[in-house]
Each structure stands twice: as structure tokens, then as C-alpha cells.
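**Q** Here it is: the structure, laid out below.
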Amino acid sequence: MSISGVVKLGKPSKKAIFSMTDSALKRVKEIMNDKKIDNCIGLRLGIKERGCSGMSYTLDFATQKNKFDETVVADKDINIIVDSKALLSVIGTEMDYIEEPIKKEFIFINPNATNTCGCGESFTTKDFSIPDLKLPKKN
Amino acid sequence: ITPIINNNNHNNNNINTPIKNIQSFNFKFFTTTTTSNPIHQQTTTTTTTTPSTEQQQLSKEAEEINENITKYNITLTDSCVKELNSVQKKSDSTDIFLRVMVDMGGCSGYQYIIKVENKLQDDDVLFIRNGAKVIIDKISLEMMEGSIIDYETALMRSSFVVASNPNTIKSCGCKISFELKK
């Protein structure tokens, strides 16, 4: 069973589709330096519909970019590929990395999340199918 | 009596001096009766079991666990021990314990609470393996006997987890919340 990322409620970001804190960026660089996978072009941020609150983020090594995926260039040579299915719920999200004696993990400050379960790993979002709700514009 | 006489005759035939002959006979007779060895000339020596002792010491050094590990069948994995000793080195405190306890709550009814402490409570049961110390209170231990405590490493998160607990039915994705068997 794969480990999913913890989601926290937060304020929307007006600038970027997806942003990262310095500690998250530092950790991603460490991961990319340690990578053992050939043809790795970045980290893929995906979403899966499971968990007790509906959705969970996933993080994997990406070897290809699909047609409708969005690439966020976090730094030179550091690419975060956002899966097309995850785009709507990722908009405005900030990715952070926290270190504690008990655990070290990525967390996501997601303005679209309306509810999370107790451990924060599973979340639900607004229903974007409501006609009068305006979608955020891409940069 | 007859065998003694026969031996005496035999010795007389071989050795000239009667006095020495008698003494030699007595000595041999004494040796025979005490060792119960039918062959007089052959002697056997026993060697100590040094290799097994050394092996025993080696295995003892390789795996140092306290009695509670076997008593309650709690497993601390290699990565758990390694990470816990790493946390110990980074800490200012002289003693670091990983507290694992069971609490009500979570999406499946019960949940684990895992944290680092430096004090031992009265009702805690201490588990030690190769310097790594884990404490579980007695009430939680009733629901955790036979569990495996691990340190999981993955892209998204690295953390201490209760990797498996035979007393539970299922757990949520992050293995924090679980449901008990009845």
C-alpha cells in the first residue's frame, strides 16, 4: 500500500497553480539526487479516489509526460508533473515538507479542500461542476 | 582371586625383580579398578567446547533484546531500531523512548498515537532491542500483542508505524486508525 500525502486547509494562492516551500524544494532536490530510476524527468503529483474523505495525493517518479499533464518548474532541473486528473484539486496548493522525530513528510496546503480526515491524508474538495462558480485562470 | 593370580604369574614371567613386580601389579590393579578401562595402555582426553561458547557470545552481541520482546511477541524491525538510535543521538536527553499507545478516535474507531518521550511511566512496559527503547502502556498492550513496529520510508513520508497488529481487522491508508477484532 502506497503512502499518501497529508492535506491541510489553507488560503488560496493567487499567483501559481502550484507552489513549494523552501524545505519542500530542498527535499525534492535530495530525492532527485538520490534517484535510481532511468529516464526520470521529475516527480509526478497524482491523486487517487480513496481514503475515508474521498481523495488522496500521491507522489511518484515520473518517466513521461502525458498529453494533458501540467509541468511546474520548481527550480532548474526540478520538475513537478501534475497529473491531469489532479489539476483541479491542486490549483493554488502549496507543498511543504516537515521534519519531526516521529516522521518526515510532505504536506499540502490546499485551498480547495473542504474537509480532511483525522490524519489529514484523505480530503474532499468543492464541487466545481456548480455552473456559477468561476474557475481560477491558468498563468 | 583367580584372575589376580594369573596376572601375577604373567608379571613374574616378564619382570625379574619380585618387589618391583608386586608394586607394579598393585599400581595397575588400582588404575584398572578406578578408571574401568579394559585397555591399560590407551588413554583418552576430553576437549572443552570452546567453539560453541564463542558462537554463543557472537549471537548474543548481534541480537540484544529484553524479556518483554519475547513475552509479548513485539517485533522492532531493523529500520525501526536504526532510526530510533539515530533520534537518540540527535537528542539532548539521556534517554529517548518511542511511546506507542492506543486511543479512541480516528475514522476506524481506534487510533495509534506515536511520539517521543524521555520519561517512563509506572504502567509502561519497556521493549529494548539493540539500544532502541519502545514503551507501551499496559492497557494499549492488551490490544497490541504480537505487533510489528516499523519505520517506513517512501517518497511522500518516512515515519514510525505499527506495520501489523494481529488484533485488528483493518486500518485506514496511513495505518494510524484501525478497527479491533471482537
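Note that the protein sequences, when read in sequence, are chains A and B. The numbering of the first sequence is this note's numbering, which starts it at 1 and goes up by one. The numbering of the second sequence is this note's numbering, which starts it at 1001 and goes up by one. Positions of the beta carbon are idealized from the N, C-alpha and C atoms, including for glycine. None of the values given here were measured: they were computed from a predicted structure.
Just checking, does the region 88-96 of chain A make contact with the region 16-31 of chain A on the three C-beta pairs under 8 Å criterion?
**A** The region 88-96 of chain A is in contact with the region 16-31 of chain A.
**Q** Secondary structure at residue 100 (chain A), three-state DSSP: helix, strand or coil?
**A** Walking along the first sequence from the start, residue 100 (chain A) turns up at place 100. Of the three classes helix, strand and coil, the one that applies to residue 100 (chain A) here is coil, per DSSP.
**Q** Any idea if residue 1144 (chain B) is buried or exposed, counting beta-carbon neighbours within 10 angstroms, 16 or more meaning buried?
**A** Counting from one through the second sequence, the residue named residue 1144 (chain B) turns up at place 144. Buried, since its Cβ has 16 or more Cβ neighbours within 10 Å.
**Q** I want to verify the contact list: residues of chain E whose CB lies under 9 Å from the CB of residue 1116 (chain B), in sequence order.
**A** Reference to chain E is not applicable here, since the protein chains of this structure are A and B.
**Q** On the DSSP letters alone, give me the boundaries of the beta strand (DSSP E) that residue 63 (chain A) sits inside.
**A** Residue numbering aside, residue 63 (chain A) sits at position 63 when the first sequence is read from its first letter. Where residue 63 (chain A) is concerned, there is no enclosing beta strand (DSSP E), given that its DSSP letter is neither H nor E.
**Q** What residues in its chain sit with their C-beta under 7 Å from that of residue 1117 (chain B), if we drop five residues either side in the sequence?
**A** Indexing the second sequence from 1 puts residue 1117 (chain B) at position 117. Result list for residue 1117 (chain B): 1097 and 1099, in chain order.
**Q** Is it buried or exposed for residue 1123 (chain B), if we count other Cβ within 10 angstroms and need 16 for buried?
**A** The sequence position of residue 1123 (chain B) within the second sequence is 123, counting from 1. It is exposed - the Cβ of residue 1123 (chain B) has fewer than 16 other Cβ atoms within 10 Å.
**Q** Beta strand (DSSP E) containing residue 1111 (chain B): first to last residue?
**A** By 1-based counting over the second sequence, the position of residue 1111 (chain B) is 111. It spans 1110-1117 - the beta strand (DSSP E) in which residue 1111 (chain B) sits, taken as one unbroken run.
**Q** Taking only three categories from DSSP, how would you classify residue 45 (chain A)?
**A** Within the first sequence, numbered from 1, the residue matching residue 45 (chain A) stands at position 45. Correct three-state label for residue 45 (chain A): strand.
**Q** Can you check DSSP and say which residues form a bridge with residue 1128 (chain B)?
**A** Looking up residue 1128 (chain B) in the second sequence gives position 128. Answer by DSSP bridge pairing, in chain order: B:1133.
**Q** Using a Cβ-Cβ cut-off of 8 Å (strictly less than) and excluding sequence neighbours within five positions of residue 65 (chain A), which residues of its own chain qualify?
**A** Working through the first sequence from its first residue, we reach residue 65 (chain A) at position 65. Once the five neighbours on either side are set aside, the close Cβ partners of residue 65 (chain A) are 41, 71 and 81.
**Q** Quick one: what's got a C-beta closer than 6 Å to residue 1065 (chain B)'s C-beta in the same chain, skipping five residues either side?
**A** The residue given as residue 1065 (chain B) occupies position 65 in the second sequence. 1129.
**Q** Please state if the CB of residue 1093 (chain B) and the CB of residue 103 (chain A) are separated by a distance shorter than 9 Å.
**A** Within the first sequence, the letter at position 103 stands for residue 103 (chain A). Within the second sequence, the letter at position 93 stands for residue 1093 (chain B). No. Outside cutoff.
**Q** Under 9 Å, Cβ to Cβ, is there at least one residue of chain B near residue 25 (chain A)?
**A** Start at 1 with the first residue of the first sequence, and residue 25 (chain A) comes out as number 25. No, its Cβ sits nowhere closer than 9 Å to a Cβ of chain B.
**Q** Of the residues B:1081, B:1166, B:1067 and B:1120, which one's Cα is nearest the Cα of residue 1152 (chain B)?
**A** The sequence position of residue 1152 (chain B) within the second sequence is 152, counting from 1. That would be B:1081, whose Cα lies nearest to the Cα of residue 1152 (chain B).
**Q** 9 Å is my cut-off, CB to CB: does residue 1160 (chain B) come that close to chain A?
**A** In the second sequence, counting from the first residue as 1, residue 1160 (chain B) sits at position 160. True, the Cβ-Cβ gap to chain A drops below 9 Å.
**Q** To the nearest angstrom, how far is it from the Cα of residue 1060 (chain B) to the Cα of residue 106 (chain A)?
**A** Here residue 1060 (chain B) refers to the residue found at position 60 when the second sequence is read from its first residue. Here residue 106 (chain A) refers to the residue found at position 106 when the first sequence is read from its first residue. Because the pLDDT of residue 1060 (chain B) is 42, which lies under 50, any placement of that residue in the model is unreliable, and the question is left without a value.
**Q** Please go through the same chain and pick out, in chain order, the residues whose beta-carbon is closer than 8 Å to the beta-carbon of residue 85 (chain A), but skip the five residues on each side of it.
**A** Here residue 85 (chain A) refers to the residue found at position 85 of the first sequence. Correct list, in chain order: 46 and 47.
**Q** What three-state label does DSSP hand residue 1139 (chain B) in the structure shown?
**A** As a position in the second sequence, residue 1139 (chain B) is number 139, starting the count at 1. Here residue 1139 (chain B) sits in helix by DSSP.
**Q** Checking contacts by CB at 9 Å: is residue 1119 (chain B) closer than that to chain A?
**A** As a first step, residue 1119 (chain B) must be located in the second sequence, where it is residue number 119. Not closer than 9 Å to any Cβ of chain A, the Cβ of residue 1119 (chain B) fails to qualify, so no.
**Q** Suppose the cutoff is 6 Å on Cβ atoms and the five residues either side in sequence are ignored; what does the same chain contact list for residue 1084 (chain B) look like?
**A** Position 84 of the second sequence, counted from the first residue, corresponds to residue 1084 (chain B). Correct list, in chain order: 1098 and 1132.
**Q** Please report the straight-line C-alpha distance between residue 969 (chain B) and residue 100 (chain A), rounded to a whole angstrom.
**A** This structure leaves residue 969 (chain B) out entirely; chain B is present only between 1001 and 1182.
**Q** So, is the C-beta of residue 1091 (chain B) closer than 9 Å to a C-beta in chain A?
**A** Start at 1 with the first residue of the second sequence, and residue 1091 (chain B) comes out as number 91. Cβ-Cβ to chain A under 9 Å: yes for residue 1091 (chain B).
**Q** Are residue 1069 (chain B) and residue 1147 (chain B) touching if we call contact CB-CB under 9 Å?
**A** Taking the first residue of the second sequence as 1, we reach residue 1069 (chain B) at position 69. Taking the first residue of the second sequence as 1, we reach residue 1147 (chain B) at position 147. Not a contact, by the Cβ cut-off of 9 Å.
**Q** So, using beta-carbon positions, are residue 1162 (chain B) and residue 1141 (chain B) closer together than 9 Å?
**A** Within the second sequence, residue 1162 (chain B) is the residue found at index 162, counting from 1. Within the second sequence, residue 1141 (chain B) is the residue found at index 141, counting from 1. Contact: no.
**Q** Buried or exposed for residue 1127 (chain B), please, with buried defined as at least 16 other CB atoms from any protein chain shown within 10 angstroms of its CB.
**A** The count along the second sequence starts at 1 and reaches residue 1127 (chain B) at position 127. By the 10 Å Cβ count, residue 1127 (chain B) comes out buried.
**Q** Have a look at the DSSP bridge pairing and note the partners of residue 1099 (chain B).
**A** On the second sequence, residue 1099 (chain B) is found 99 positions in, with the first residue counted as 1. Paired residues: B:1115 and B:1135.
**Q** Beta carbon of residue 1109 (chain B), beta carbon of residue 1180 (chain B): below 9 Å?
**A** To locate residue 1109 (chain B), count along the second sequence from 1; it is residue 109. To locate residue 1180 (chain B), count along the second sequence from 1; it is residue 180. In this structure, residue 1180 (chain B) lies closer than 9 Å to residue 1109 (chain B) by Cβ.
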